[in-house]
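Enquirer:
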Amino acid sequence: MSDDLSERLSALERVVADLVEQAAKSTPEPTADPVHAETFWALEGLRAKVADTTGGVLFTGTVDLPTGEHYDWQYGRMLDDLLEIDWTETAPVLSAVGHPVRLRLLQKIISGTRGAAELAEDTELGTTGQVYHHLRQLVSAGWLRTLARGQYTIPGERVVPLLVILAATR
1 MSDDLSERLS ALERVVADLV EQAAKSTPEP TADPVHAETF WALEGLRAKV ADTTGGVLFT
61 GTVDLPTGEH YDWQYGRMLD DLLEIDWTET APVLSAVGHP VRLRLLQKII SGTRGAAELA
121 EDTELGTTGQ VYHHLRQLVS AGWLRTLARG QYTIPGERVV PLLVILAATR
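Residue numbers (my numbering): 1 to 170.
#1: Using DSSP with H/G/I as helix, E/B as strand and the rest coil, what is L147?
#2: Taking the straight line between their C-alpha atoms, what separation do you get for V131 and A91?
#3: Rounded to whole angstroms, how far is the Cβ of W41 from the Cβ of V160, which I believe are closer than 8 Å?
#4: Tell me, please, whether the segment 77 to 88 touches the segment 50 to 61 by the rule of three or more beta-carbon pairs shorter than 8 Å.
#5: For R158, which of helix, strand or coil comes out of DSSP?
#6: Rounded to whole angstroms, what is the Cα-Cα separation between A48 and L144?
#7: Check whether the Cβ atoms of R114 and T146 lie closer than 8 Å to each other.
#8: Let me make sure I understand the geometry here. Which of A11, I110, L43, V139 has the alpha-carbon closest to that of E69?
#9: Excluding the five sequence neighbours on either side, which residues of its own chain have a C-beta within less than 6 Å of the C-beta of R14, listed in chain order?
#10: Hey, quick one: how far does the alpha helix (DSSP H) through R170 stretch, first residue to last?
#11: For S140, which option in P155, P66, V50 has the closest C-alpha, if you only look at C-alpha atoms?
#12: How many Å lie between V93 and V50 at the Cα?
#13: With a threshold of 7 Å on Cβ separation, who are the neighbours of S10 within its own chain once the five nearest residues in sequence on each side are excluded?
#14: What does the alpha-carbon distance come out to for the pair G166 and G112?
#15: Can you list, in chain order, the residues of its chain whose CB lies under 8 Å from that of L163, leaving out five sequence neighbours each side?
Listed below in structure tokens is the structure:
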């Protein structure tokens with residue numbers, strides 16, 4: 001190779017190396033960006049907690065319901081644990097909230113309508129027998145709890161997970 005070509009190649013390599021170095025200095029780490037840190041504060045906490053693992057998931061919430069109830073809730077699982085469980089065992093719980101009438105019942109109950117008789121007045125939910133059928137399915141799957149005869153509530157430990165499921169559909 002000629003000296004001129006060799007010099008030009010060396011000069012080009014220096015320019016490229018300088019550009020790479022400048023780019024590395026001007027590209028902040030995601031966690032160093034204040035907007036990132038503000039937006040992803042929960043993610044950054046989880047990332048720190050699972051740093052030496054394959055990862056994990058976390059969902060959390062703080063809610064004040066129209067009924068006056070307040071819930072602070074958090075749940076996390078390691079990725080390896082989630083991949084090892086039998087996902088088919090979750091089908092009944094997921095299936096229970098996979099029906100439009102049951103979702104409407106949960107929405108009404110979380111908003112304060114607790115009585116089966118009052119719920120059955122909504123003709124969009126079907127007959128009284130159908131409403132009771134759906135209520136039993138939700139109780140069986142753990143999405144509802146009976147307060148008293150014909151009175152239902154969403155258990156506190158299910159409020160945030162239900163809202164997370166709904167948020168995940170958007």
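Here a beta-carbon is modelled for each residue, glycine too, at the ideal position from N, C-alpha and C.
Expert: Working from what's here:
#1: Of the three classes helix, strand and coil, the one that applies to L147 here is strand, per DSSP.
#2: In this structure, the alpha-carbon of V131 lies about 21 Å from that of A91.
#3: That belief does not hold up - the Cβ atoms of W41 and V160 are roughly 17 Å apart, past 8 Å.
#4: The segment 77 to 88 is in contact with the segment 50 to 61.
#5: Of the three classes helix, strand and coil, the one that applies to R158 here is helix, per DSSP.
#6: In this structure, the CA atom of A48 is about 35 Å from the CA atom of L144.
#7: No, these two residues do not count as a Cβ contact at 8 Å.
#8: If we check each option's Cα against that of E69, I110 comes out closest.
#9: Excluding residues within five positions, none has a Cβ falling inside 6 Å.
#10: Under the DSSP assignment, R170 falls outside any alpha helix (DSSP H); it carries neither an H nor an E label.
#11: With distances taken between Cα atoms, S140 lies closest to P155.
#12: Answer to the nearest angstrom: the Cα atoms are 28 Å apart.
#13: Contacts found: none.
#14: Per the sequence presented here, residue 166 reads as Leu, with Gly not at that position. Between L166 and G112, the C-alpha separation is close to 18 Å.
#15: The residues are G61, V63.
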